[in-house]
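Working notes, structure below.
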Amino acid sequence: MPKSSHRAGGSGKNRLLAHLANDEREALASKFETVSLLRGTALYEQGSAVAFVYFPLSAVISLLTILEDGSSVQVATVGNEGVVGLTAYLELERAVVTAVVQLPGEALRIDARQFAAILTARGRLHGLLARYTRALLWQITRSAGCNRFHSLKQRCARWLLSAQDRAMKDDLPLTHEFLSGMLGASRQATGVIIDRLEKGRLIQTSRGTLKILNRHGIEPLACECYWAVKGEGDSF
Ligand SMILES: [Zn+2]
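Remember, the numbering used here sits 305 above the position in the sequence shown when you count from 1.
This is the structure we're talking about:
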């Protein structure tokens, strides 16, 4: 559950909401509350009902698919360019993914039923979410191929670049354990990659933090999915 909540305010802005007309933004604003999200918090679980829709401000959320044996892998990342909890828009009763806080920060949240009610009354918001859903679908489709065919090193580099883009800073509060869960790899295998990146002075890790030292050195290591998804997100 979110650490704390209060009405209105919040740092930064959500770029999806910035596209709305003033009257639509105002209709939502009165229903929003700002929440601080802690790393590793599950906003909702795959197969469960979605109580709230989240518009990240500074927080970054990972969408994970969970298999029956409990293993998981990330299929998409959502930052301040998007929204978490599209089940309300898609008229789904149960979440198809688990949403976990990847980088802590703030988000605006709204009751999923209230959000659905506002959606049906607002055409522009509906159209905006349709466009965002297409971009998200592109990201998820890419991840299916990426998780199957690209090496752990490539995927790890892609993940770090994408996390840095969204965090907009070099210090990422990440542990090996969390990263391995996102990449669907063992801690040991992830640790080997992290060690190599650290020996190459591309990153530096300390307790619970991973610092990007040389982004230009990491870029050639990432698979093409980083650029493909980034391009789609930028055009949106
Ligand atoms: Zn890839």
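Beta carbons are placed, not taken as given, at the ideal position from N, Cα and C, and that holds for glycine.
key: Alpha-carbon to alpha-carbon, Glu-329 and Ala-271   = Residue 271 cannot be examined here, being either before or after the span of the chain that is shown, 306 to 541.
Contact shell at 5 Å, judged by CB to any heavy atom of ligand 1, ordered along the chain = Qualifying residues, in the order they occur: Cys-451, His-455, Cys-528 and Cys-530.
key: Presumed contact (8 Å Cβ cut-off) between Ala-417 and Leu-368, rounded CB distance   = About 16 Å; that fails the 8 Å criterion.
ask   = So what does DSSP say about Pro-478, is it helix, strand or coil?
value = Pro-478: coil per DSSP, three-state reduction.
key: Nonlocal neighbours in the same chain, by C-beta distance under 6 Å from Gln-444, ignoring five residues either side   = Once the five neighbours on either side are set aside, the close Cβ partners of Gln-444 are Ala-381 and Val-534.
query = Smallest Cα separation from Ser-485: which of Val-340, Gly-345 and Phe-337?
reply = That would be Gly-345, whose Cα lies nearest to the Cα of Ser-485.
task = Can you give me the start and stop residues for the beta strand (DSSP E) that Asp-470 sits inside?
result = Per DSSP, Asp-470 belongs to no beta strand (DSSP E); it is in the alpha helix (DSSP H), 457-472.
ask   = Among all the DSSP beta bridges, which residues are the ones paired with Lys-516?
value = Partner residues in the beta bridge of Lys-516, as assigned by DSSP, are Asp-476 and Gln-509.
ask   = With DSSP run on the structure shown, which of helix, strand or coil describes Ala-449?
value = Residue state, collapsed to three classes: helix.
query = Does the separation of the CB atoms of Phe-357 and Gly-390 fall below 8 Å?
reply = With contacts defined by Cβ atoms closer than 8 Å, Phe-357 and Gly-390 form a contacting pair.
inquiry  = To the nearest angstrom, how far is the alpha carbon of Ala-426 from that of Ile-517?
reply    = Going by the C-alpha atoms only, they are around 44 Å apart.
inquiry  = Let me make sure I understand the geometry here. Which of Gly-536, Asp-476, Val-383 and Ile-371 has the alpha-carbon closest to that of Ser-320?
reply    = It is Arg, not Ser, that sits at residue 320 in the sequence shown. The shortest C-alpha to C-alpha distance from Arg-320 to any of Gly-536, Asp-476, Val-383 and Ile-371 is the one to Val-383.
inquiry  = Which residues does DSSP list as the beta-bridge partners of Arg-525?
reply    = According to the sequence displayed, residue 525 carries Pro and not Arg. In DSSP, Pro-525 forms no bridge with anything.
Assigned secondary structure, Ser-485 (DSSP; H/G/I helix, E/B strand, else coil) = Residue state for Ser-485 is assigned as helix, using DSSP reduced to three classes.
query = What residues are listed by DSSP as bridge partners for Val-405?
reply = Its beta-bridge partners are Ala-347 and Ser-367.
ask   = If you compare alpha carbons, which of Lys-474, Gly-496, His-481 and Pro-478 is closest to Arg-520?
value = Ranked by Cα distance from Arg-520, the options Lys-474, Gly-496, His-481 and Pro-478 are led by Lys-474.
ask   = What is the residue span of the alpha helix (DSSP H) that Leu-502 lies within?
value = Per DSSP, Leu-502 belongs to the alpha helix (DSSP H) from 492-504.
query = On the premise that Val-365 lies in contact with Ala-490, defined as a C-beta separation below 8 Å, what is that separation, rounded to the nearest angstrom?
reply = Between Ala-490 and Val-365 a beta carbon distance of about 20 Å is seen, past the 8 Å cut, so the two are scored as non-contacting.
ask   = For the alpha helix (DSSP H) that Phe-360 lies in, which residues bound it at each end?
value = From DSSP, Phe-360 is part of no alpha helix (DSSP H) but of the beta strand (DSSP E) over 357-361.
message = Which residue marks the beginning of the alpha helix (DSSP H) containing Arg-418, and which one marks its end?
response = Its alpha helix (DSSP H) spans residues 417-426.
inquiry  = For Leu-342, report the span of its beta strand (DSSP E) as first-last.
reply    = Looking at the DSSP string, the run of the beta strand (DSSP E) that includes Leu-342 is 338-342.
ask   = With Val-355 and Ala-400 assumed to form a contact (beta carbons below 8 Å), what rounded beta-carbon distance in angstroms separates them?
value = Approximately 5 Å separates the beta-carbon atoms of Val-355 and Ala-400; this is inside 8 Å, confirming the contact.
query = Does DSSP put Ala-393 in a helix, in a strand, or in coil?
reply = Per DSSP, reduced to three states, the secondary structure at Ala-393 is helical.
task = Over the uninterrupted alpha helix (DSSP H) stretch that includes Ala-334, give me the two end residues.
result = Residue range 327-334 is occupied by the alpha helix (DSSP H) that includes Ala-334.
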